[in-house]
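Chemist: Take the sequence shown: its letters are residues 11 to 331, numbered as in my numbering.
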Amino acid sequence: MKSVLVKSASVIALLFAVGSAGCSRNNIEAVNLANEGDHAKATDLDGAISKYEQATNLDPTNHRVLWKLGQAYAKKEAWDKVATTMSKAEKLAPKHAHYYYLHGMALARQAVKGPTSWKDAQGPLEESIKLDPAGPNYPAGEKWDARNAGSAHFELAEVFLNMDDEKGALDNYTQAIKVKPDELPFYGPLAELYLRLNFVNEAEQALTTALSFAKDGDKALFVVHTLLGDIAERKGDLSKAVSEYEAAKKACGQCNEAGQQIAFFNLGGAYANASPPRKSEAMAQLQSFQKMICKGAAAQRYADQCTQAQQLATKLGGQLQ
């Protein structure tokens, strides 16, 4: 009887050892596949994703590989897959702020068109901030987004803004800037919200602060100078408005990215309203706006500006074609 028990125990031990060895082999192979994905991601993102997916299937407990997979999905803007992947990573490593950040960002991106709501994104972003108020601070070599410190606050501010919680948005835009004051893209949305609430001086102060961190070629200068031009017009300082709108147009170069074509309308209007009017320059800018926007697919979106452009041209004795 004793011999049978000893043999049984030996068999169980052997089976356990075999199982452990299999598990260990899977873990090692998962790491190898993840490393292959790392080498491939710069030139073959789909191939890298395939490697990361294989790795997570072999070792679903490796949250670091899930993080790599989540980042790769994010670059493909596969936000539903990002959210699912980061949710798994959070369960395995609930103290990693950047997992919650990427999860919240993914839910926010989905909320623009659905099926998720803005409210869904709030929880993960707040948890990220709770774990790392200055974060998320990405591990070395794993930085995905250009924004680092302060970005969770910025994303949460956008969420609050879309939930019509203006105070929550103001608080988090402000905190994002406090954490990373040299990040110019943080200032424009804060200033826009101040202007919406008719806090003109506060908006101007925020934008002036932004300029102190500006570098030549910074694309965010387009928004900063555009808003400063708007503020100058509100205050009746048309000379300053012209200068700011000229700076905005310079910042966007050809101004052919989404939303930048408004630079032609703004500058054309400022030239038209200058004293004395700068007719030829105004007509040139307004004609460019007419051609790029009012004759194209975006005409309905900018219907008011297209009407105003024609009115300004008529006032100057011209006609937009």
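Think of the CB as a built atom: it goes at the ideal place given N, C-alpha and C, for glycine as much as any other residue. Since this is a predicted model, take the numbers as computed values, not measurements.
1) Shortest alpha-carbon distance to F209 belongs to which of F223, D226, L237?
2) Considering Cα atoms alone, identify which of S285, M293, F223 is closest to S249.
3) What distance in whole Å lies between the Cβ atoms of E176 and L203, which are believed to be in contact at a cut-off of 8 angstroms?
4) Look at the Cβ atom of G178, then the Cβ atom of A162, and state whether they are nearer than 8 angstroms.
5) Here's the rule I'm using: 16 or more other beta-carbon atoms within 10 Å means buried, otherwise exposed. How should G227 be labelled?
6) Restricting to runs no shorter than 4 residues, where is the alpha helix (DSSP H) found entirely within the region 175-238?
7) Are the beta-carbon atoms belonging to A118 and A82 less than 8 angstroms from one another?
8) Quick one: residues in its chain with C-beta nearer than 6 angstroms to the C-beta of G124, no 5 flanking neighbours on either side, listed in chain order?
9) Considering only heavy atoms of the ligand FAD, does any lie closer than 7 angstroms to the CB of G306?
10) Is it buried or exposed for D54, if we count other Cβ within 10 angstroms and need 16 for buried?
11) Thinking just about the alpha-carbon of each residue, which of N182, T95, A220, A230 is nearest to the one in P143?
12) In three-state terms, what does DSSP make of T53?
13) If the criterion is Cβ atoms closer than 8 angstroms, does the pair K259 and L277 meet it?
14) Would you call E87 buried or exposed, if buried means 16 or more other Cβ atoms sit within 10 Å of its Cβ?
15) Do you know whose CA, among N172, L180, L171, K229, lies nearest L194's CA?
16) What do you reckon, are the CB atoms on A294 and Y255 nearer than 8 angstroms?
17) Would you kindly work out how many angstroms separate the C-alpha atoms of T184 and Q318, rounded to a whole number?
18) What are the start and end residues of each continuous beta strand (DSSP E) run of 3 or more residues lying completely inside the region 251-310, in chain order?
19) Is the beta carbon of T95 less than 8 angstroms from the beta carbon of G114?
20) Using CA atoms only, rank isn't needed, just tell me which of K190, Q320, A308 is closest to A292.
21) Among residues of its own chain, excluding the 5 on either side of S298, which ones have a beta-carbon nearer than 6 angstroms to its beta-carbon?
22) Alpha carbon to alpha carbon, how far is V233 from S138? Give it in angstroms, no decimals.
23) Find out if the Cβ-Cβ distance for the pair L112, K98 is shorter than 8 angstroms.
24) Below 6 angstroms CB to CB, which residues in the same chain sit around Q64 once its five sequence neighbours on both sides are set aside?
Modeler: Taking the coordinates as given:
1) Put simply, of F223, D226, L237 the residue whose alpha carbon is nearest the alpha carbon of F209 is L237.
2) Closest option to S249, judged by alpha-carbon separation, among S285, M293, F223: S285.
3) 7 angstroms
4) no
5) exposed
6) The qualifying runs are 176-189, 197-206, 210-221.
7) no
8) Hits under 6 angstroms: none found.
9) Ligands in the displayed structure: none, and consequently the ligand FAD is not present.
10) exposed
11) N182
12) If DSSP states are grouped into helix, strand and coil, T53 belongs with coil.
13) yes
14) exposed
15) K229
16) No, they are not a contact pair.
17) 34 angstroms
18) none
19) no
20) Q320
21) F274
22) 28 angstroms
23) no
24) L43
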